[in-house]
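Chemist: For what it's worth, numbering that gives the first Met the number 0 labels the leading residue of the sequence shown as 0, then goes sequentially.
Glycine is no exception: its CB is placed at the ideal position from the N, C-alpha and C atoms.
Take this structure first; my questions come after.
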Amino acid sequence: MSTLAHSREAYAERRWTDAVGQYTAANHDAELPASDLEQLATSVILTGRGSDGVDILARAHLKYLADGDYSAAARCAVWTGMNLILLGEPARSAGWLARAHRIVDDLPEPCPFEGLLSIPAGLGALYQGDGATAAEAFTRAAELGRARGDADSAALGTLGLGQAKIMLGEFDGGLALLDEAMVAVTVGEISPIPAGIIYCAMIETCHLAFDLRRAHEWTRALDRWCDAQQNVVAFSGQCQMHRAELYRLHGAWTEAIDAAKTAQDLAFHGDHMATYGGFYEQGEIHRLRGDFDAAEASYLHAQETGFPPQPGLALLRLAQGRPDQAQSLLRQAMDGAAPDYRRGMLAARVEIEVAAGDALTARTAAEELASLCASIDRPMLHALAEQSEASVLFHEGDPAAALILVRRAWSRWLSLDAPFEAARCRALMARLYTALGDEESAQLEREAARAVFSELGAAPALSELEKSAPLAPDVWTTPVSASENDVGHAAGAGPLTARETEVVRLVSAGLSNRNIAGELFISEKTVARHLSNIFTKLGLTSRAAVTAYAYQHGLALTSRPA
């Protein structure tokens, strides 16, 4: 087999490093055909050498022009422009996109790749918060892609239209379009770089839409997509960034820090889009642990990418005892934010405004958050809305009404396996019970929250909790463990929770605690806790017995997750 044939085989098998080596060797013997230059460029970009890849893509463009294949030349010009956007070179990008438009306009026949020309315009509108204009551009891209047989244009247009709809508040329709775009990725219809773009955009949009289930599902899928390709750097950092966010939510803070640092390393080696998230997520864990200097440094590194590190930096100022500055920072960030990003800061806005004593603004933000629940029926959003409303009601002097809402929020956070937020709810319940004169219940809630904060190493939350305690710590009773108390109040001995069912399914597939933790973005300690609860609820004593239960009740996975 010739070197060129080996090169093409390596590309088809997604062995990017091998493809680069083979194509480079083949290029020494003779100038590569345009299509092979384009594949070499893709391989170089995916291994993290974006600038070099763009230069090779430009050579492919010129080769296509020399060959008279003007449609392919236009495609290369568009992708050169879009890759330059990712590299932070907008002027060069604009030049290449203008060239692509000119080539398409001069063609006597319709260009199969004309839909791609609408993608940059749609992205620009999205970045500016103009959902309506973005929807028009992406609709054109999708329609042209489908009409002319270009799967990349069709999928990217469908993705962008879904994002635009979510920005405009059409959540179910938007998420359905994102799922449709992902079908094209999973069946292998589209090129590698568009596939990675769609994976990462899908996951980010799931977070913006408070859809934790989809975020889990597609983060696992992206993880496997990256693992299945040799030495892929592009998109791998973004995958680790999303993993860090999920680990943080599920209380696996050490794992979150590790994933955030891996994201930073991969950003340094070529996946530049992971820079912000890698540093921001690291800053979040440092803030929650009370390492304020390290948090500050991480947030400032994130800010160097051009995006404000909010609401994290504002919450850091609040934790440092500077509520006025926190208030000012977050108000500025929200005033200039696109609607979808603004929604993600509402809960922090309530917390900061309450602390700053602005009851009216806190009430307005809480009501805006609650109004979203009518169009976004997601447990995470309901939990945030109920927790925020409870905080405002307490501030307004209605602890009885606040208690009803915060207990609902606590139950939702438990079902989402979010221990820190669940413990924050219990800390608020302790204060509410104290205000209602029920100190016995207050102490139970306080001890349960204290156990979780201590286990997580959440020093600021623990300090705040102890400040609010009417009794000195040396006369407290021994804290109830987080798992025992949560099971007693929320789960009982009845059916398994959704998360426990997932653990049963993964045990039935033969996964170890470590592998289950990786699948669910939780710590091994949390997996062990879930297994203990499962054994107790089902009256079982071994993993083999859990596997048998899974088969008896139709829960078993017939193979390990791919």
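Kindly indicate which residue of ALA399, GLU454, MET81 and THR304 has the alpha-carbon position closest to the one of LEU427.
Modeler: If we check each option's Cα against that of LEU427, ALA399 comes out closest.
Chemist: Whose C-beta lies closer than 7 Å to the C-beta of LEU530 among residues of the same chain, with five residues either side of it excluded?
Modeler: For LEU530, where only same-chain residues beyond five positions count, the Cβ hits under 7 Å are VAL502.
Chemist: In the DSSP output, what is ARG14 paired with across the bridge?
Modeler: Answer is GLN229.
Chemist: Please go through the same chain and pick out, in chain order, the residues whose beta-carbon is closer than 8 Å to the beta-carbon of HIS552, but skip the five residues on each side of it.
Modeler: Result list for HIS552: empty, nothing under 8 Å.
Chemist: Mind checking GLN21: buried by the 16 CB within 10 Å criterion, or exposed?
Modeler: Buried: at least 16 other Cβ atoms inside 10 Å.
Chemist: For ALA243, which option in ILE284, TYR63 and GLY269 has the closest C-alpha, if you only look at C-alpha atoms?
Modeler: Here the closest residue by C-alpha is ILE284.
Chemist: Look at the alpha carbon of ALA434 and the alpha carbon of SER467, and state the distance between them as a whole number of angstroms.
Modeler: Taking the straight line joining both Cα atoms gives about 11 Å.
Chemist: So the candidates are ASP171, LEU314 and LEU211; which of them puts its Cα closest to the Cα of SER374?
Modeler: The shortest C-alpha separation from SER374 is found at ASP171.
Chemist: Leaving out the 5 sequence neighbours to the left and right, which residues in its chain are closer than 6 Å to ILE521 when beta-carbon positions are compared?
Modeler: The answer, listed in chain order, is HIS249 and ALA251.
Chemist: Report yes if the C-beta distance between SER50 and PRO111 is below 8 Å; otherwise report no.
Modeler: Their beta carbons are not under 8 Å apart, which means SER50 does not touch PRO111 by this criterion.
Chemist: May I ask which residues mark the beginning and end of the alpha helix (DSSP H) holding PRO398?
Modeler: Element bounds for PRO398: 398-414.
Chemist: Specify the secondary structure class of THR525 as computed by DSSP and reduced to three states.
Modeler: Of the three classes helix, strand and coil, the one that applies to THR525 here is helix, per DSSP.
Chemist: What is the rounded straight-line gap between the Cα of GLN296 and the Cα of LEU431?
Modeler: Just to set this straight, residue 296 is Ala in the shown sequence, not Gln. Taking the straight line from one Cα to the other gives about 36 Å.
Chemist: Could you give the residue range of the alpha helix (DSSP H) that holds GLN127?
Modeler: Careful: GLN127 lies outside any alpha helix (DSSP H) and carries neither H nor E.
Chemist: Is it a yes or a no for the segment 349-359 touching the segment 146-154, going by three-plus beta-carbon pairs under 8 Å?
Modeler: Counting Cβ pairs under 8 Å, fewer than three are found: no touch.
Chemist: What residue does the alpha helix (DSSP H) around CYS424 start on, and which one ends it?
Modeler: Segment 418-434, the alpha helix (DSSP H) holding CYS424.
Chemist: Would you mind sorting SER1 into buried or exposed? The rule is 16 or more other CB atoms within 10 Å of its CB.
Modeler: Exposed, by the Cβ-count rule.
Chemist: Can you list, in chain order, the residues of its chain whose CB lies under 8 Å from that of ASP485, leaving out five sequence neighbours each side?
Modeler: Residue confidence for ASP485 is low, a pLDDT of 43 falling below 50, so the modelled location carries little weight and cannot support an answer.
Chemist: Out of ARG286, ARG341 and MET379, which one is the CA nearest neighbour of LEU314?
Modeler: Comparing Cα positions, the closest option is ARG286.
Chemist: Can you tell me which of the three DSSP states SER467 falls into?
Modeler: It is helical.
Chemist: Would a C-beta distance cut-off of 8 Å place THR204 and ILE165 closer than the cut-off?
Modeler: A contact, by the Cβ cut-off of 8 Å.
Chemist: Residues in its own chain within less than 6 Å of ALA460 by CB, not counting five upstream and five downstream?
Modeler: So the qualifying residues of the chain are PHE452.
Chemist: Going by DSSP in three states, PHE234 sits in which element: helix, strand or coil?
Modeler: Looking at PHE234 - three-state DSSP - the assignment turns out to be coil, as it is neither helix nor strand.
Chemist: In whole angstroms, what is the alpha-carbon distance linking ARG406 and ALA389?
Modeler: Distance between the alpha carbons of ARG406 and ALA389: 9 Å.
Chemist: If we ignore side chains and look at the alpha-carbon of each, how far apart do LEU299 and PRO308 end up?
Modeler: For LEU299 and PRO308, the distance between alpha carbons rounds to 8 Å.
Chemist: For the alpha helix (DSSP H) that LEU39 lies in, which residues bound it at each end?
Modeler: Residues 33-45.
Chemist: Would you report the Cα separation of ALA549 and SER507, rounded to the nearest angstrom?
Modeler: Going from the Cα of ALA549 to the Cα of SER507 covers about 6 Å.
Chemist: Thinking just about the alpha-carbon of each residue, which of ARG145, ALA325, PRO418 and ALA59 is nearest to the one in SER34?
Modeler: Nearest option by C-alpha distance: ALA59.
Chemist: Return the CA-CA distance between ASN633 and GLY282, expressed in angstroms with no decimal places.
Modeler: Past the boundaries of the shown model lies residue 633; the chain is included only from 0 to 561, so the question cannot be answered.
Chemist: If you count every other CB in all the chains shown that lies within 10 Å of the CB of PRO193, and 16 or more means buried, which is it?
Modeler: Counting Cβ neighbours within 10 Å, PRO193 comes out buried, since at least 16 surround it.
Chemist: How about LEU39: is its Cβ closer than 7 Å to a heavy atom in the ligand GDP?
Modeler: Here there are no bound small molecules, and the ligand GDP is not part of this structure.
Chemist: For THR500, which option in GLY509, GLU518 and ILE533 has the closest C-alpha, if you only look at C-alpha atoms?
Modeler: Residue ILE533 is the option with its Cα nearest to THR500.
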